[in-house]
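There are 2 protein chains.
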Amino acid sequence: MAKSTTPGTAAVRQRGVTMKDVAKHAGVSRTAVSFVLSNRENASISEETRTRINDAVQELGYRPNAGARALASQRSDWYGIVTEIVTAPFAVDIIKGAQDQAWLDRRFLLIAPSDQADAVGPNQGLEDAAIEKLLEQRVEGLLYAATFHRGVRVPETANEVPTVLINCFDADGKLPSIVPDERGGGRVAVERLLQAGHQRIGVINLDPVIPAAVGRLEGAREALSTAGLELDPELVVSGYATADGGYDAACRILDRYPPKDRPTALFCLNDRMAMGAYDAIKERGLTIPGDIAVIGFDNQELIAAYLRPKLTTVALPFEKMGALGVQTLAALTAGQPILADQQLVDCPLLERSSV
Amino acid sequence: MAKSTTPGTAAVRQRGVTMKDVAKHAGVSRTAVSFVLSNRENASISEETRTRINDAVQELGYRPNAGARALASQRSDWYGIVTEIVTAPFAVDIIKGAQDQAWLDRRFLLIAPSDQADAVGPNQGLEDAAIEKLLEQRVEGLLYAATFHRGVRVPETANEVPTVLINCFDADGKLPSIVPDERGGGRVAVERLLQAGHQRIGVINLDPVIPAAVGRLEGAREALSTAGLELDPELVVSGYATADGGYDAACRILDRYPPKDRPTALFCLNDRMAMGAYDAIKERGLTIPGDIAVIGFDNQELIAAYLRPKLTTVALPFEKMGALGVQTLAALTAGQPILADQQLVDCPLLERSSV
DNA sequence: CTCGCTTGGTAACGCGCGTTACCAACTCCG
DNA sequence: CGGAGTTGGTAACGCGCGTTACCAAGCGAG
Chain A
1 MAKSTTPGTA AVRQRGVTMK DVAKHAGVSR TAVSFVLSNR ENASISEETR TRINDAVQEL
61 GYRPNAGARA LASQRSDWYG IVTEIVTAPF AVDIIKGAQD QAWLDRRFLL IAPSDQADAV
121 GPNQGLEDAA IEKLLEQRVE GLLYAATFHR GVRVPETANE VPTVLINCFD ADGKLPSIVP
181 DERGGGRVAV ERLLQAGHQR IGVINLDPVI PAAVGRLEGA REALSTAGLE LDPELVVSGY
241 ATADGGYDAA CRILDRYPPK DRPTALFCLN DRMAMGAYDA IKERGLTIPG DIAVIGFDNQ
301 ELIAAYLRPK LTTVALPFEK MGALGVQTLA ALTAGQPILA DQQLVDCPLL ERSSV
Chain Z
1 MAKSTTPGTA AVRQRGVTMK DVAKHAGVSR TAVSFVLSNR ENASISEETR TRINDAVQEL
61 GYRPNAGARA LASQRSDWYG IVTEIVTAPF AVDIIKGAQD QAWLDRRFLL IAPSDQADAV
121 GPNQGLEDAA IEKLLEQRVE GLLYAATFHR GVRVPETANE VPTVLINCFD ADGKLPSIVP
181 DERGGGRVAV ERLLQAGHQR IGVINLDPVI PAAVGRLEGA REALSTAGLE LDPELVVSGY
241 ATADGGYDAA CRILDRYPPK DRPTALFCLN DRMAMGAYDA IKERGLTIPG DIAVIGFDNQ
301 ELIAAYLRPK LTTVALPFEK MGALGVQTLA ALTAGQPILA DQQLVDCPLL ERSSV
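So the sequences go chain by chain: A and Z. The first sequence: position 42 = 42 (the UniProt record's numbering), numbered continuously. The second sequence: position 150 = 150 (the UniProt record's numbering), numbered continuously.
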């Protein structure tokens, strides 16, 4: 094999500089090298040899072998995250948040796919296999993240290592979890509408059984009751969680009343439905927010930030949940007690131009 | 520490079953265990002891230690991907495609963040650090992926290992890359419009210097000239690559002509601009696709699939590029020659309802 | 019987590193 | 001057596994 270093071909060999090479180059023992590289407190290495070793590291371009280190030290500095987000990237910011936090903690995040989404799908095995693979890598903790807030059942194997659920909770109630504060989000949304002077507020609801719908609606009810109002059941309509569903629901609610009785604001329980509601409103010659204010939920950037007018909405704190997941895991692996079995994370209001 | 196996706490210990344990349990040597587990051809292990060993593996719940294996065998089965996609997840399907393919090849994908996006950003160091970390894990190959098609400069260190660029190309022209066939995409889009009978086609252009704009426009020109038509420069307007930009551009193009001279179709060079164009069209009381057909580019699901009517668009083959990246890497690490320095991947037309 | 060959294994080394035990040479103090 | 403590290191083991020697028993052929 030629010595050429043609980039991008297998001819480029790993340099393979080991601690032994460094030691020889610096004229010391391998142990000494290990000591200075790991910055041991009670090392007792003279300043002079210390710099000599560091120089050798530089000159040879030594790079520690993480695998060997993990083997010897019995800790890998890895967390694993298994998630269907890889497959359905709606909540990809969870990964981002986790990744960033892990990076800060000088840890690596091993990302493995799952497909729990379709319950007992065709390749249910994938998830178990993924966890198995992660454990083979000797991850020190496991994150389990879902694309939408719901109860899940985590495979048994996950119990071998500290595990934290993100954007979902353990149906068996044994594992700690981190979920959005849907109720608080619903409350803040309706408070915003009330503050803008709206009293008659229509709600475009999701499938009423999912945790998101339950929580957000409850929050809405709370906000209204604090203002001395009640949620008129007639003003709550459900639909498919799509733009079409939102369009249909908005049409129903808008056409049901004469203009003066019409709600002056719509709280759409997700942004996709808000997108459909926009069409229904514009189609009727009404303006946003002039005639009807709209507030969404989820803060799907691609929708909320590009609708015209831009959609005021409540954000799902994906990134924060991811980061908190890693922090919680760090606490667990360090043997610290967890703060709470289920941590709620705020859903902040994002003001744009539709209210 | 109590023996309780409270899940999710540090009390749960790694089981730590090693090959030695398996060997003892099966009454054989560790070597024998290693042989059957790695399915050696010329093993010469009797069928009987083979099953005895397998049983022991089952009973003890033995799980190989990937790190130790990597250390001994001098191969990690890992690829690294460094990408700003973690930060700006527009092209997250690249990761998905790569991950799936890697999974098929029984390899792991180590995902590390980058922020090349902002040229010489505040933490330019992040990228180098990320690559460094990946090399410490002894990845066998490197993928480098961008959120949008452009030239990049990859840090030197990446040369120590086979490297493939995805959705970007090496500004120095040394590394193999995989990019979308923008020109083919532009052609197929305009062909679709021509086929629907449109002759007067407006183009809403991106920033004219980026590769995507150049390629797509060239493709459009090709399609027209094949049909004996020419691209009227007056019908090409540029704008910011946002919904607002698309709205403005569409307004300009629509208001410039009397109805009979107006283009009957708009080719928007990305979906966000198409989203804005929708508004401009509807605002003028025109229907899609009745009065004006619209075709987009990128296939951003959240936009294209939820616009009303659903947007016909050309898809960027993110997933395929990711998969192809891993395949190319596999070929490189196996010492096979690469197929081509720059591989183009088809951008397929996605028919929906706006043409 | 003996030589050579197959079958069914095992002992032992090394991968790169963390860590513990130990050791020689210098102080310092009485 | 002798012993205790400090400074500046080193030898050697083990982490879990792949792999290469090597070896004993059985067996057929000459």
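By construction, the Cβ of each residue, glycine as well, lies at the ideal position given by its N, Cα and C atoms.
| query | result |
| --- | --- |
| Range of the contiguous alpha helix (DSSP H) that encloses Z:L332 | 318–333 |
| Nearest candidate by alpha-carbon position, reference A:T147, set A:L60, A:V36, A:E84, A:G61 | A:E84 |
| Cβ-based burial, A:V209 [other Cβ within 10 Å; buried from 16] | exposed |
| Residues that A:P233 contacts on chain Z, provided the C-beta gap is smaller than 9 Å | Under the 9 Å cutoff, chain Z gives no residues; its nearest Cβ is about 28 Å from A:P233. |
| Z:V294 versus A:A249 - alpha carbon distance | 26 Å |
| Rounded separation between A:R30 and A:R106 - CA only | 25 Å |
| Listed by chain order, chain Z residues near A:R40 by CB distance under 9 Å | Going along chain Z, no residue has its Cβ under 9 Å from A:R40, so there is no contact; the nearest lies around 20 Å. |
| Nearest-angstrom Cβ-Cβ length linking A:A315 and A:P348, presumed shorter than 8 Å | 5 Å |
| For Z:H25, the three-state DSSP class (helix, strand or coil) | helix |
| Reference A:P263; option with closest CA among A:I94, A:A56, A:I204 | A:I204 |
| Own chain partners of Z:T171 with C-beta closer than 7 Å, once the 5 adjacent residues on each side are dropped | Note that residue 171 of chain Z is Ala in the sequence shown, not Thr. Contacts found: G151, V152, R153. |
| Distance, Z:T313 Cα to Z:A189 Cα | 7 Å |
| Expected contact under 8 Å - CB spacing of Z:P64 and A:E191 to nearest Å | Z:P64 to A:E191, Cβ: 55 Å. No contact. |
| Closer than 8 Å to chain A by CB, Z:Y306 | yes |
| Local Cβ density within 10 Å of Z:R138, reported as buried at 16 or more and exposed below that | buried |
| Inter-stretch contact at 8 Å, needing at least 3 Cβ pairs: the region 89–97 of chain Z / the region 64–73 of chain Z | no |
| Through-space distance from Z:Y278 to Z:E301, alpha-carbon basis | 16 Å |
| Cα-Cα separation between A:A305 and Z:M275, rounded to whole angstroms | 11 Å |
| Interface residues of the region 90–108 of chain Z facing chain A [CB-CB below 8 Å] | V92, D93, I95, K96, Q99, D100, W103, F108 |
| Between the CA atoms of A:C168 and A:V120 - distance to the nearest angstrom | Bear in mind that the predicted position of A:V120 carries a pLDDT of just 48, short of 50, making it unreliable; the figure below should be weighed with that in mind. Rounded to the nearest angstrom, the two C-alpha atoms are 17 Å apart. |
| Enclosing alpha helix (DSSP H) for Z:Y144 [first to last residue] | That residue, Z:Y144, is in no alpha helix (DSSP H); its beta strand (DSSP E) goes 141–152. |
| Neighbourhood of A:V237 by C-beta distance below 7 Å, restricted to the same chain and skipping five residues each side | I204, N205, A249, R252, I253 |
| Whole alpha helix (DSSP H) elements within the region 158–209 of chain A, 4-residue minimum | 182–195 |
| Beta carbon proximity, Z:P289 to chain A, threshold 8 Å | no |
| Between the CA atoms of Z:I45 and Z:P89 - distance to the nearest angstrom | 51 Å |
| Proximal residues of chain Z, C-beta to C-beta of A:K282 below 9 Å | D279, K282, E283 |
| Selected residue, minimal CA-CA separation from A:G246, among A:T226, A:M273, A:L224 | A:M273 |
| Contained beta strand (DSSP E) runs [length at least 3] in the region 213–300 of chain A, N- to C-terminal order | 236–238, 265–268, 293–298 |
| Simplified DSSP assignment, three categories, for A:G61 | coil |
| Same chain, Cβ closer than 8 Å to A:L134, five either side skipped, listed in chain order | G80, V82, L110, A112, L142 |
| Assigned exposure category for Z:Q343 - 16 Cβ within 10 Å defines buried | buried |
| Paired residues, beta bridge with residue 356 of chain Z - DSSP | Because chain Z spans 1 through 355 in this model, residue 356 of chain Z falls outside it and cannot be assessed. |
| Cutoff 8 Å: residue 368 of chain A Cβ touching any chain Z Cβ | Residue 368 of chain A lies beyond the range of chain A shown here (1 to 355); nothing can be said about it. |
| Closest residue to A:W78 among A:P176, A:F267, A:L60, A:Q101 (Cα-Cα distance) | A:Q101 |
| Where Z:L71 falls: helix, strand or coil (DSSP) | helix |
| Within-8 Å CB hit, A:E351 to chain Z | no |
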